[in-house]
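S.K.: Residue numbers (the working numbering): 3 to 269.
Ideal placement from N, C-alpha and C gives every residue a C-beta, glycine not left out.
The model shown is predicted, which means the values in this text are computed figures rather than measured ones.
(1) Measuring alpha carbon to alpha carbon, tell me which of 85, 177 and 183 ends up nearest residue 166.
(2) Starting from the N-terminal side, write out each stretch of the alpha helix (DSSP H) that is 4 residues or longer and does not extend beyond the stretch 58 to 134.
(3) Quick one, are the C-beta atoms of residue 29 and residue 214 less than 8 Å apart?
(4) Per DSSP, residue 141 is paired with what?
(5) Per DSSP, residue 15 is paired with what?
(6) Tell me whether residue 22 sits in a helix, a strand or coil according to DSSP, three-state version.
(7) Can you round the beta-carbon distance between residue 45 and residue 80 to whole angstroms, since I take them to be within the 8 Å contact cut?
(8) So, for residue 183: in the same chain, excluding its five sequence neighbours on each side, which residues have a beta-carbon less than 8 Å away from its beta-carbon?
(9) Check for me: the beta strand (DSSP E) holding residue 55 runs from which residue to which?
(10) On a CA-only basis, which of 123, 115, 117 and 92 is nearest residue 106? Give me that one, please.
(11) Do the CB positions of residue 223 and residue 180 come within less than 8 Å of each other?
(12) Using the DSSP secondary-structure output, state which residues sit across from residue 32 in a beta bridge.
(13) Quick check for students: name the residue ranges of the beta strand (DSSP E) that lie wholly in the stretch 148 to 199, counting only runs of 3 or more.
(14) In the DSSP assignment, the beta strand (DSSP E) including residue 213 goes from what residue to what residue?
(15) Mapping DSSP to helix, strand and coil, what is residue 209?
(16) State the start and end residues of the unbroken alpha helix (DSSP H) segment that holds residue 228.
(17) If we ignore side chains and look at the alpha-carbon of each, how far apart do residue 239 and residue 232 end up?
(18) Taking Cβ positions, are residue 123 and residue 194 nearer each other than 8 Å?
(19) Within 10 angstroms of the Cβ of residue 246, are there 16 or more other Cβ atoms? Answer buried if so, exposed if not.
(20) Would you mind stating whether residue 173 and residue 199 have Cβ atoms separated by less than 8 Å?
(21) Let me know the secondary structure DSSP gives residue 222 once reduced to three states.
(22) For residue 27, which of helix, strand or coil comes out of DSSP?
(23) Taking C-beta to C-beta, are residue 234 and residue 49 nearer than 8 Å?
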């Protein structure tokens with residue numbers, strides 16, 4: 003079983019499983035670009051059960067704390083945004099746990115200031131340390147098979163390959179590399195970063211992604227709450243298509259969907 007796909011059994015609901023928890027929704031929301039007031043509406047319209055947040059946005063005792071705007075039952079996925087190496091990522095993760103954010107952690111280690119591409123080597127190092135400490139680690143990574151295997155070996159609960167550079171809304175530029183991870187890594191593959199349209203989220207799910215995370219595409223939409231609902235429906239459609247087994251592709255020529263011979267033929 004890969005990416006949460008199950009044998010066809012109508013008695014077993016299809017759920018995303020991470021760190022021993024089961025989720026109905028496969029839509030993970032990044033909260034970094036939302037105002038505090040908008041966060042709740044987007045979560046509700048998107049049917050979201052997990053939301054990422056930067057640890058620096060958690061300020062217990064402060065005037066405004068994002069935790070106060072999250073509906074009951076939401077699973078928090080703090081990230082290590084701002085970390086430039088494994089040591090910094092580990093330090094941020096520990097702070098998140100102390101602040102009451104739980105054991106889930108999205109590891110982000112980024113040293114590249116122009117394209118904001120993740121450092122896979124440092125990410126794998128941080129993953130190993132945090133997994134040993136009992137964290138449920140979801141590493142954000144460039145979709146490289148060797149690196150994904152290293153992260154799986156280090157104890158990752160899932161891998162989160164980017165679809166395109168962060169905030170670009172360019173879609174699935176790394177589609178074929180993500181497909182390789184889906185086929186070869188026995189962990190959920192959650193597409194993160196760069197998804198700009200619901201149709202692109204649907205496409206990611208159709209190739210076997212276990213979930214999709216989006217932030218900028220919704221935050222920059224004219225109607226953010228409406229766009230969140232569109233992503234919800236697209237992700238559900240893509241998952242259903244994947245489980246249903248898309249039809250074959252005819253590489254050349256055409257194939258009639260109805261018989262072309264025998265119609266009105268004299269008997």
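M.R.: This is what the structure holds:
(1) Comparing C-alpha distances from residue 166 to each of 85, 177 and 183 shows the shortest one belongs to 177.
(2) The qualifying runs are 88 to 100 and 122 to 134.
(3) Yes, the Cβ-Cβ distance between residue 29 and residue 214 is below 8 Å.
(4) The secondary-structure analysis by DSSP pairs residue 141 across a beta bridge with 109.
(5) Paired residue(s): none; residue 15 is not in a bridge.
(6) Reduced to three states, the DSSP call for residue 22 is coil.
(7) Not a contact, Cβ separation roughly 16 Å.
(8) Once the five neighbours on either side are set aside, the close Cβ partners of residue 183 are 145, 147, 150, 161, 163 and 191.
(9) DSSP places residue 55 in the uninterrupted beta strand (DSSP E) bounded by 52 to 56.
(10) That would be 92, whose Cα lies nearest to the Cα of residue 106.
(11) The Cβ atoms of residue 223 and residue 180 lie no closer than 8 Å to each other.
(12) Under DSSP, the beta-bridge partners assigned to residue 32 are 54.
(13) Runs of beta strand (DSSP E) with 3 or more residues, each lying fully within the stretch 148 to 199, are found at 192 to 194, listed in chain order.
(14) Its beta strand (DSSP E) spans residues 213 to 216.
(15) DSSP places residue 209 in coil when its eight states are reduced to three.
(16) For residue 228, the enclosing alpha helix (DSSP H) starts and ends at 226 to 246.
(17) Going from the Cα of residue 239 to the Cα of residue 232 covers about 11 Å.
(18) Between residue 123 and residue 194, the C-beta gap is not smaller than 8 Å, which leaves the two residues out of contact.
(19) Exposed is the call here.
(20) Yes.
(21) Of the three classes helix, strand and coil, the one that applies to residue 222 here is coil, per DSSP.
(22) Three-state result, residue 27: coil.
(23) Against a cut-off of 8 Å, the Cβ pair of residue 49 and residue 234 comes out as a contact.
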